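S.K.: Below you'll find the structure I mean.
Number of protein chains: 2
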Amino acid sequence: MLAETRRRLLLDLITRQGYATLDSLVRELGVSDSTVRRDLEALDLAGSIKRTHGGAVYAGEVRSMPAFDDRTGTAAAEKRAIGATAAALIEDGDTVLLDGGTTTLEVARALVGRRVQVVTNSLPIAQLLAASQQTDLILLGGYIYPRTGVALGPLAIAAMQTIRVRTAILGAGGIVPEGVFNSNSLLVETERQMMRCGQEVMIVADHTKFGRMALARLCGLEEATSIVVDGGLREADRAMLDGAGLRVHVAQANDGRANGVPAETSRGERERNDV
Amino acid sequence: MLAETRRRLLLDLITRQGYATLDSLVRELGVSDSTVRRDLEALDLAGSIKRTHGGAVYAGEVRSMPAFDDRTGTAAAEKRAIGATAAALIEDGDTVLLDGGTTTLEVARALVGRRVQVVTNSLPIAQLLAASQQTDLILLGGYIYPRTGVALGPLAIAAMQTIRVRTAILGAGGIVPEGVFNSNSLLVETERQMMRCGQEVMIVADHTKFGRMALARLCGLEEATSIVVDGGLREADRAMLDGAGLRVHVAQANDGRANGVPAETSRGERERNDV
DNA sequence: ATGCTCCGTCAAAATCTTTCATGGTGCTTG
DNA sequence: CAAGCACCATGAAAGATTTTGACGGAGCAT
């Protein structure tokens, strides 16, 4: 094999994984360790990789190490599509209340740079939107729940009593015919108040949430106004939502860079309401 | 496993949970405790985490808000020393209110992993402490002031009316005989309420703040209880503070790894008040 | 005191660097 | 043309270095 080809292959292997042990590279290429060492040294000198004891790591962007993304990985593409679709339903100038959670965080991502007023009790969402010039951000205080970084409790509830928004966007831990559930009763308590703040209540949830229950019941299905789900929604669940009188928006996850055009809308047009 | 990979994994585990015991990390990675210790030490040195008794907590930089870094450069070492000294004056189990600002952010850094209850209106500080298991965090909500990431306004003030803390720690834009000044009147309004919340009021400010005025007067010197300054404090300013009846703590910035022992304390010992 | 954690030391294992031998390639030269 | 030679990439081995795991004593809080 040509030395140049071998090095390119080497770089490719390391880049793909983010790292590689010398041993694995020797086995992969079928050359001696000396050769691999020399190649790695050259690549290090060129700045493409960084040599470490026992192997090498990719020197460029920290492509967030595939192994580390496990948890976020659950229905990530679906969540992104849901976020884009939900954001597309928000008008410029609107006020939105965003609950905590990974799905609502995707909504926030899709809202970055939009001229909207966002109220949230989620620290990650606040962090995301604080830098934005266009977005007005109002943070709900309270006791910060360490695992998820959301503000809960009486302080958060009290703060919401003086706040009204056009749309309250809430996540869900589980959705069954009996209603919407979440895992934590303190969280549910706070979310109930959120629902009172919103002229409309939008639930965002990927299809895996359907048929699952969680600890605490947030509300009945009919208490929400609309829901955004991904394409994996089963027909029976769709019927259940329609039956409860919800506007159902199905987000298509086909293309990676979802452009946020809602793919499907049932039960009439949403009324325009520019400010 | 590659050492580099192991460290990244380690950092990821700690970042995810905010805190991890050494034991849990040993079990998770399947390596010896010595190795984990060494890795944690390296990560601590790099500033990514902070080593604690029996484990480690996340202490990484608060990214994605570049605006905050600009001012950090000024008197960075002094500020770190001030932070360490101020944190050393806080007892375990205490409740503390932390104002926004780069100096108070250093106080928060020094408090990471301590068993204290922190109330703050600063997004960066909240971000820093949200992960920590030992630290209870209560966030004050309100309109997020984009430039600095602090929550201000009526919502913040209202939230504080139900809160009492042992020590309120406030930053200052300028300190002159007429009192303590800050640059923004909305900020000052909020800070006034902070002072009412605290049994004691501690001002943290590096020596460059002395003799400088700012837009809005926060309070007279005598309204604060104590002040933490760095070693650059001039004699005349020291006399001014003493004259106002403040406890003055001078932070020594000599060693890089500030251990937080107050270098000098005037006007009596601080009284112990364990919970 | 007891249990837990931390720190320093040490030996074993893994890895790195250096050095040298081998074989192929291309050029020079008789 | 072909032998000789320098050159280079490669593989292998030896000694140096780093990393790792284990152990014992020190420090600290309960």
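Chains as they are written, first to last, in our numbering: chain H, 1 to 275; chain L, 276 to 550.
Each residue gets a CB set at the ideal place from its N, CA and C atoms; glycine is no exception.
Predicted, not measured: the structure shown is a model, and the values here were computed from it.
What ranges does the alpha helix (DSSP H) occupy inside the segment 443-523 of chain L, keeping only unbroken runs of at least 4 residues that lie completely in it?
M.R.: Segments of the alpha helix (DSSP H) lying fully in the segment 443-523 of chain L: 460-472 and 510-518.
S.K.: Name the two residues that bound the continuous alpha helix (DSSP H) containing A151(H).
M.R.: Segment V150 to L152 is the beta strand (DSSP E) holding A151(H); no alpha helix (DSSP H) there.
S.K.: Does the separation of the CB atoms of T103(H) and V204(H) fall below 7 Å?
M.R.: Closer than 7 Å, so yes.
S.K.: List in chain order: all unbroken alpha helix (DSSP H) runs of 4+ residues lying wholly within the segment 377-409 of chain L.
M.R.: Listed in chain order, the complete alpha helix (DSSP H) runs (minimum 4 residues) inside the segment 377-409 of chain L are 377-386 and 398-405.
S.K.: Using C-beta distances below 7 Å, list every residue in its chain close to I444(L), excluding the 5 sequence neighbours before and after it, in chain order.
M.R.: Only A361, V371, L372, L373, D374, T379, V382, M477 and V479 meet the Cβ criterion.
S.K.: Under the three-state reduction of DSSP, which class applies to V250(H): helix, strand or coil?
M.R.: Strand.
S.K.: Where DSSP assigns a beta bridge to T327(L), which residues make up the other side?
M.R.: DSSP lists G330(L) as partners of T327(L).
S.K.: If you count every other CB in all the chains shown that lies within 10 Å of the CB of M515(L), and 16 or more means buried, which is it?
M.R.: Burial call: buried.
S.K.: Could you check the C-alpha separation between I82(H) and S32(H) for me, to the nearest Å?
M.R.: Cα-Cα distance, rounded: 50 Å.
S.K.: Would you please state the rounded distance, in angstroms, between the beta carbons of L412(L) and A401(L)? I believe it to be under 8 Å.
M.R.: 6 Å between Cβ atoms; contact.
S.K.: Whose Cβ in chain L lies nearer than 8 Å to the Cβ of Y58(H)?
M.R.: In chain order: nothing, as chain L lies at least about 10 Å away.
S.K.: What span of residues does the beta strand (DSSP E) with G142(H) cover, start to end?
M.R.: Looking at the DSSP string, the run of the beta strand (DSSP E) that includes G142(H) is G142 to Y145.
S.K.: Is G295(L) helix, strand or coil by DSSP?
M.R.: At residue 295(L) the sequence reads Ala, which differs from the Gly that was named. A295(L): strand per DSSP, three-state reduction.
S.K.: Given a cut-off of 7 Å, decide if E200(H) and T167(H) are closer than it, judged by their beta-carbon atoms.
M.R.: Yes, the pair counts as a contact, with Cβ atoms nearer than the cut-off.
S.K.: So, are the CB atoms of S323(L) and L286(L) less than 7 Å apart?
M.R.: Yes.
S.K.: Roughly how many angstroms separate the alpha carbons of L398(L) and G507(L), rounded to a whole number?
M.R.: Each residue's Cα considered, the two are about 29 Å apart.
S.K.: Mind pulling the chain L residues with CB within less than 7 Å of T21(H)?
M.R.: The answer, in chain order, is L277.
S.K.: On the three-pair Cβ rule with 8 Å, is the segment 170-179 of chain H touching the segment 128-145 of chain H?
M.R.: No: fewer than three Cβ pairs fall under 8 Å.
S.K.: Alpha carbon to alpha carbon, how far is S501(L) from L521(L)?
M.R.: So the two alpha carbons sit approximately 5 Å from each other.
S.K.: Are the CB atoms of T290(L) and G330(L) nearer to each other than 7 Å?
M.R.: Cβ distance not < 7 Å, so T290(L) and G330(L) don't count as in contact.
S.K.: Would you report the Cα separation of R8(H) and L25(H), rounded to the nearest angstrom?
M.R.: For R8(H) and L25(H), the distance between alpha carbons rounds to 12 Å.
S.K.: Under 7 Å, do G446(L) and G376(L) count as touching if we go by C-beta distance?
M.R.: Yes, these two residues count as a Cβ contact at 7 Å.
S.K.: Run through DSSP, which three-state label would I138(H) get?
M.R.: Reduced to three states, the DSSP call for I138(H) is strand.
S.K.: List the residues of chain L that Q133(H) touches, going by C-beta distances under 8 Å, in chain order.
M.R.: Near Q133(H) (Cβ distances below 8 Å), the residues of chain L are P421.
S.K.: By Cβ distance below 6 Å, which residues in the same chain neighbour G428(L) in space, the five residues on each side in sequence not counted?
M.R.: The answer, listed in chain order, is G417 and Y418.
S.K.: Could you please tell me which residues of the segment 98-132 of chain H, in chain order, have their CB closer than 7 Å to any CB of chain L?
M.R.: Here the close residues are L123, A126, Q127, A130 and A131.
S.K.: Among the residues of its own chain, which have a CB less than 8 Å from the CB of R196(H), if the five just before and after it don't count?
M.R.: M160.
S.K.: Would D92(H) and R115(H) qualify as a contact pair, given that the criterion is a beta-carbon distance under 7 Å?
M.R.: Yes, these two residues count as a Cβ contact at 7 Å.
S.K.: Does any residue of chain L bring its CB to less than 7 Å from the CB of G83(H)?
M.R.: Taking Cβ atoms only, chain L never reaches closer than 7 Å to G83(H), which makes this a no.
S.K.: Below 6 Å CB to CB, which residues in the same chain sit around R212(H) once its five sequence neighbours on both sides are set aside?
M.R.: Correct list, in chain order: G174.
S.K.: Quick one: which chain L residues come within Cβ less than 8 Å of I138(H)?
M.R.: Under the 8 Å cutoff, chain L gives G416, G417, Y418, I419 and L430.
S.K.: Helix, strand or coil: which one does DSSP assign to L97(H)?
M.R.: It is a strand residue.
S.K.: Mind listing the chain H neighbours of G368(L)? Cutoff is C-beta to C-beta under 8 Å, in chain order.
M.R.: Chain H residues near G368(L): none, gap ~17 Å exceeds 8 Å.
S.K.: Assuming contact is defined by CB atoms lying nearer than 7 Å, are V188(H) and V119(H) in contact in what I supplied?
M.R.: Cβ distance not < 7 Å, so V188(H) and V119(H) don't count as in contact.
S.K.: Mind reading off the beta-carbon distance from S185(H) to L215(H)? Whole number of angstroms is fine, and I expect it under 8 Å.
M.R.: Going by Cβ atoms, the distance from S185(H) to L215(H) rounds to 7 Å, so yes, they are a contact pair.
S.K.: Rounded to whole angstroms, what's the CA-CA distance from Y58(H) to E353(L)? Just pull it up for me.
M.R.: Using only the alpha carbons, I get a separation of about 36 Å.
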